[in-house]
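Quick note: the sequence shown uses full-length UniProt numbering, first residue 1, plus one each step. Ideal placement from N, C-alpha and C gives every residue a C-beta, glycine not left out. This report concerns only the one structure given below.
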Amino acid sequence: MADNTGASTSSVQTRSELYHIVSQVGEGTFGKVYKAQNTVTKLYVALKRIRMESEKEGFPVTAMREIKLLQSLRHENVVRLYEMMVSNGSVYMVFEYMDHDLTGILSQTQFNFTDAHLKSLSHQMLAGLAYLHHKGVIHRDIKGSNILINNRGELKLGDFGLARFYQKRRRTDYTNRVITLWYRPPELLFGATIYGPEVDMWSAGCIMLELFTKKPVFQGNDEIHQLDTIYRVIGTPTADRWTDVANLPWYELVKPREEIPNHFREMFRKWMSPAALDLAERLLCYDPAARATAAQAMEAPYFTQEEPPAMAPVGLATLHGEWHELETKRERAKKRRRNETAIQ
Numbered sequence: 001m002a003d004n005t006g007a008s009t010s011s012v013q014t015r016s017e018l019y020h021i022v023s024q025v026g027e028g029t030f031g032k033v034y035k036a037q038n039t040v041t042k043l044y045v046a047l048k049r050i051r052m053e054s055e056k057e058g059f060p061v062t063a064m065r066e067i068k069l070l071q072s073l074r075h076e077n078v079v080r081l082y083e084m085m086v087s088n089g090s091v092y093m094v095f096e097y098m099d100h101d102l103t104g105i106l107s108q109t110q111f112n113f114t115d116a117h118l119k120s121l122s123h124q125m126l127a128g129l130a131y132l133h134h135k136g137v138i139h140r141d142i143k144g145s146n147i148l149i150n151n152r153g154e155l156k157l158g159d160f161g162l163a164r165f166y167q168k169r170r171r172t173d174y175t176n177r178v179i180t181l182w183y184r185p186p187e188l189l190f191g192a193t194i195y196g197p198e199v200d201m202w203s204a205g206c207i208m209l210e211l212f213t214k215k216p217v218f219q220g221n222d223e224i225h226q227l228d229t230i231y232r233v234i235g236t237p238t239a240d241r242w243t244d245v246a247n248l249p250w251y252e253l254v255k256p257r258e259e260i261p262n263h264f265r266e267m268f269r270k271w272m273s274p275a276a277l278d279l280a281e282r283l284l285c286y287d288p289a290a291r292a293t294a295a296q297a298m299e300a301p302y303f304t305q306e307e308p309p310a311m312a313p314v315g316l317a318t319l320h321g322e323w324h325e326l327e328t329k330r331e332r333a334k335k336r337r338r339n340e341t342a343i344q
């Protein structure tokens, strides 16, 4: 079976000369990510190298899980796995190539996102999540660098290294050491191990705010500081806002020392419209059971009633360069070194 990379998807490709590595564009949960060109079709792909060094018993179970998951998914807002490839003893996953990630694209100043663009990006993210959750998959690592965007303004969810299938009717124990700290929902910070797709929806709320403010909103240094950062924006979780909060494993250890009021709307109204604020509030709801699902969020008045209608940011094709978190970090480090040299 062939696909538009010009390679077979039915077997693991051993011809390493099929792809020429151009540059490193990322560091995934369990390996490095490279931009490469298919030497036959000249199309670009992303090669994710699977880390093998700590796996004495063979192929990493985490990578197996990611491959199995991705092979079962096909949606316009989920990054596509084309095939597997072996080269010089390394195993690579071959993905469609995306020009940017959200962290990178929000750091650039050449292209201005309009309200219609931000609405489109929010809607595409939610469409991807609605599909995953419908298929029984929790992503568990929604953050800026895992939200991929191409020059056509299409958004796709990437890096499924922490994702897993969940039982819709039977809640199971999972680890709470998932989801990058700044995007981790309060129930996990309070020690919950029984959870479902609602953990992704908190992360989606964080991303929605980030689209408007251009930076992560809850930037904690550790779990306790992360909770404190959340309190200072949306107030402390009271029993009327979150009935079960006191029953969570770490509640007594990390519960708020004082009651803090909710400042959310006054903090964000300069960036966001009333309907956008309403939706973000439904996503950043303390009680996981009351948090909006992805399917519900897609039907919010922000998308269905409020002007302007969503419009994909197709103008990204005019950008100079590609914008990923990795390049952004390198640029920051370069700037820092230049400043240090200037001070000396």
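Taking residue 297 and residue 319 to be in contact with their CB atoms under 8 Å, please state how far apart those CB atoms are, rounded to whole angstroms. Rounded, the Cβ-Cβ distance is 28 Å, inconsistent with contact.
Is residue 106 near residue 140, with beta carbons less than 8 Å apart? no
Flag this pair as touching only if the stretch 265 to 275 and the stretch 185 to 192 have three or more C-beta atom pairs under 8 Å; answer yes or no. no
Between the CA atoms of residue 120 and residue 110 - distance to the nearest angstrom: 19 Å
Can you tell which of 317, 219, 50 has the C-alpha that lies nearest to the C-alpha of residue 33? 50
By DSSP, does residue 262 sit in helix, in strand, or in coil? coil
Return the chain-ordered ranges of every beta strand (DSSP E) run that is complete within the stretch 74 to 124 and spans a minimum of 3 residues. 81 to 87, 90 to 96
Evaluate residue 71 with the Cβ neighbour count: other Cβ atoms within 10 Å of its Cβ, from every protein chain shown; 16 or more gives buried, anything less gives exposed. exposed
Taking C-alpha atoms, which residue in 25, 98, 223, 48 lies nearest to residue 148? 98
For residue 173 and residue 202, I'd like the C-alpha separation in whole angstroms. 19 Å
Helix, strand or coil: which one does DSSP assign to residue 174? coil
If you pair each beta-carbon of the stretch 117 to 131 with each one of the stretch 74 to 86, do three or more pairs fall below 8 Å? yes
Quick one: what's got a C-beta closer than 7 Å to residue 20's C-beta in the same chain, skipping five residues either side? 36, 37, 39
Where residue 225 and residue 237 are concerned, what is the direct C-alpha to C-alpha distance, given to the nearest angstrom? 15 Å
In terms of residues, what are the limits of the alpha helix (DSSP H) holding residue 295? 294 to 298
Residue 38, DSSP secondary structure in three states: strand
Residue 357 - containing beta strand (DSSP E), residue span: Absent from the structure is residue 357, since the part of the chain shown begins at 1 and ends at 344.
What did DSSP end up calling residue 43 once you bin it into helix, strand or coil? coil
Quick one: measure Cβ to Cβ for residue 81 and residue 93, integer angstroms, because I've assumed they're closer than 8 Å. 6 Å
Pairwise C-alpha distance: residue 156 and residue 324: 14 Å
Cβ neighbour criterion (16 or more within 10 Å) applied to residue 347: The first residue shown for the chain is 1 and the last is 344, placing residue 347 beyond what the model contains.
Can you tell me the Cβ-Cβ gap for residue 138 and residue 183, rounded? I've got them flagged as a contact below 8 Å. Going by Cβ atoms, the distance from residue 138 to residue 183 rounds to 13 Å, so no, they are not a contact pair.
So the candidates are 272, 233, 250, 220; which of them puts its Cα closest to the Cα of residue 260? 233
Measure the Cβ-Cβ separation of residue 200 and residue 241 and say whether it is below 8 Å. no
Option in 209, 25, 181 with minimal Cα separation from residue 281: 209
Do residue 116 and residue 272 count as a contact pair if the criterion is CB distance below 8 Å? no
Taking the C-alpha atoms as reference points, what is the distance between residue 83 and residue 228? 43 Å
Tell me whether residue 165 sits in a helix, a strand or coil according to DSSP, three-state version. strand
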